[in-house]
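A quick write-up on the structure given underneath.
Residue numbers (the working numbering): 1 to 203.
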């Protein structure tokens, strides 16, 4: 009986210490946002899973209330300021390249693949080793074969965002089928993204 009480007390103490640290002593504690969002990732998970993907709109409401920079999770900031984009997403030529966030990388459950490699200095050689397998093979412009425009628009959108946010990566437009397998996998994975995020993130 005493051991259960002791264990329960230790759990409560641990949760209290973590909560105090996240709210008052975290490097992100100076940024505005709901206290519950600073305490746990379950706040975002609730809006994504229980309320069916409403977290985006909740974050939009946070920006209206708190301003362009808000804290949406214990270790995540959301920035909605066009003037800050160039500083946030360092350009390719910048010497201040940023490593990928572990909150995102934990989605993949492994850090041995190129896409889930965090440190920039390690990610670059891993990506370069695969580069020749993703080089341009054929261009639809060189043929008279018609093709659906939607896959091309998907590929262009993904390439532009990836190039701006990450610097480099696999170019879908350089592939004959516009990397159809990637988008098929994305569509099949997207419905369970909320659940996976909860499993990958800390409570």
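By construction, the Cβ of each residue, glycine as well, lies at the ideal position given by its N, Cα and C atoms. Please read these numbers as outputs of a predicted model, since none were measured by experiment.
Check the DSSP bridge columns for residue i and list the partner residues they point to.
i          : result
residue 73 : 76
Helix, strand or coil for residue i per DSSP?
i           : result
residue 166 : helix
residue 115 : coil
residue 27  : coil
residue 179 : coil
residue 35  : helix
residue 9   : helix
residue 158 : helix
residue 138 : Its pLDDT being 48, under 50, residue 138 is placed unreliably by the model, and nothing is read from it.
residue 203 : Residue confidence is low: residue 203 scores 48 on pLDDT, short of 50, so the model does not pin down where it sits. Its coordinate-derived value is still stated next. Note: residue 203 maps to coil in three-state DSSP.
I need the boundaries of the alpha helix (DSSP H) containing residue i, first residue and last residue.
i          : result
residue 55 : 55-66
residue 81 : Residue 81 -> no alpha helix (DSSP H), and no H or E assigned at all.
residue 46 : Careful: residue 46 lies outside any alpha helix (DSSP H) and carries neither H nor E.
Of the choices the options, whose alpha-carbon is the least far from that of residue i?
i           : options              : result
residue 35  : 158, 71, 82 and 175  : 71
residue 58  : 124, 117, 114 and 44 : 44
residue 182 : 165, 13 and 154      : 154
residue 29  : 69, 60 and 49        : 69
residue 67  : 79, 56 and 73        : 79
residue 174 : 159, 188 and 165     : 159
residue 33  : 172, 188 and 74      : 74
residue 119 : 21, 166 and 17       : 166
residue 64  : 81, 50 and 51        : 81
residue 37  : 62, 51, 17 and 52    : 62
residue 124 : 157, 10 and 169      : 169
Return the chain-ordered list of same chain residues with a C-beta closer than 8 Å to the C-beta of residue i, the five sequence neighbours on each side being excluded.
i           : result
residue 180 : 151
residue 204 : Coverage of the chain is limited to positions 1 through 203, which leaves residue 204 absent and any answer about it impossible.
residue 14  : none
residue 178 : 151, 152, 154, 155 and 172
Please list, in chain order, all residues of the same chain as residue i whose beta carbon is under 7 Å from its beta carbon, the five residues on each side excluded.
i           : result
residue 55  : 44, 47 and 48
residue 126 : 114 and 117
residue 19  : 39
Near residue i, what residues of its chain come up, given a Cβ to Cβ distance below 6 Å and the 5 sequence neighbours on each side ignored?
i           : result
residue 42  : none
residue 135 : Residue placement at residue 135 cannot be trusted, given a pLDDT of 48 that sits under 50; the coordinates are not used to answer.
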